[in-house]
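Residue numbers (the numbering used here): 1208 to 1382.
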């Protein structure tokens, strides 16, 4: 228990030194924030292909775990190309909405949920699946339903309709 409390404390302290620009109030919504972030251009392409722009521009609030371009680069090119085809829009929508949780969960809320869950927090995604958040040292790690892990590399990018946490690996629901 002491290890979990220390890890949660260390994570919350790390938040204090996170990228200052990520901590500032942003008048842009989730989509416009992603569009303005070069490292999220593949995510923007996928959101447009899935027709999720209007949803992610709506009032929300939403928490988005946003994979970087490098994260999408880890997905086999054939799989990514296939998901972006119009006939696979439903599958792409499932993958993308698996990265979204209803409500605004900033890093403090995630850390509290992990502490309250004795080291793990199960988050229900908009897709309906579960993501498990846990700490690995000072880093929050998400584990998908397949056992794959993704590290949160930037926290608390505040938007007008929620919060974005940037992740280093695409998480996938059970298909």
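Glycine residues also receive a C-beta, built at the ideal position from the N, C-alpha and C atoms.
Check this for me: beta carbons of residue i and residue j, under 7 Å apart or not?
| i | j | result |
| --- | --- | --- |
| residue 1311 | residue 1378 | no |
| residue 1352 | residue 1327 | no |
| residue 1286 | residue 1246 | no |
| residue 1273 | residue 1250 | yes |
| residue 1240 | residue 1366 | yes |
| residue 1321 | residue 1271 | no |
| residue 1256 | residue 1376 | no |
| residue 1373 | residue 1361 | yes |
For residue i, does the three-state DSSP call read helix, strand or coil?
| i | result |
| --- | --- |
| residue 1270 | strand |
| residue 1231 | For residue 1231, the pLDDT reaches just 49, beneath the cut-off of 50, and the residue's location in the model is therefore unreliable, although a value from the coordinates is still provided. Residue 1231 falls in the coil class under three-state DSSP. |
| residue 1275 | coil |
| residue 1255 | helix |
| residue 1370 | strand |
Between which residues of its own chain and residue i is the CB-CB distance below 7 Å, once the five residues before and five after are set aside?
| i | result |
| --- | --- |
| residue 1298 | 1290 |
| residue 1346 | 1358, 1359 |
Going by alpha carbons, who is nearest to residue i out of the options?
| i | options | result |
| --- | --- | --- |
| residue 1336 | 1300, 1365, 1242 | 1300 |
| residue 1314 | 1245, 1363, 1368, 1235 | 1363 |
| residue 1262 | 1308, 1319, 1294 | 1308 |
| residue 1356 | 1242, 1281, 1318 | 1281 |
Looking only at its chain, what residues have a beta carbon closer than 8 Å to the beta carbon of residue i, apart from the 5 residues adjacent to it on each side?
| i | result |
| --- | --- |
| residue 1304 | 1259, 1332, 1333, 1334 |
| residue 1233 | 1240, 1364, 1365, 1366, 1367 |
| residue 1296 | 1256, 1257, 1258 |
Looking only at its own chain, which residues have a Cβ that is under 6 Å from the Cβ of residue i, when we skip the five neighbours before and after it?
| i | result |
| --- | --- |
| residue 1195 | Lying outside 1208 to 1382, the shown extent of the chain, residue 1195 is not represented and no answer is given. |
| residue 1231 | Low confidence applies here, because residue 1231 scores a pLDDT of 49, under 50, leaving its location unreliable and the question unanswered by this model. |
| residue 1227 | Low confidence applies to residue 1227: its pLDDT is 37, below 50, so where it sits in the model is not reliable enough to give any reading. |
Quiz item: Along the chain, which unbroken stretches of the beta strand (DSSP E) at least 3 residues long are found entirely within the stretch 1280 to 1326?
Solution: 1307 to 1309
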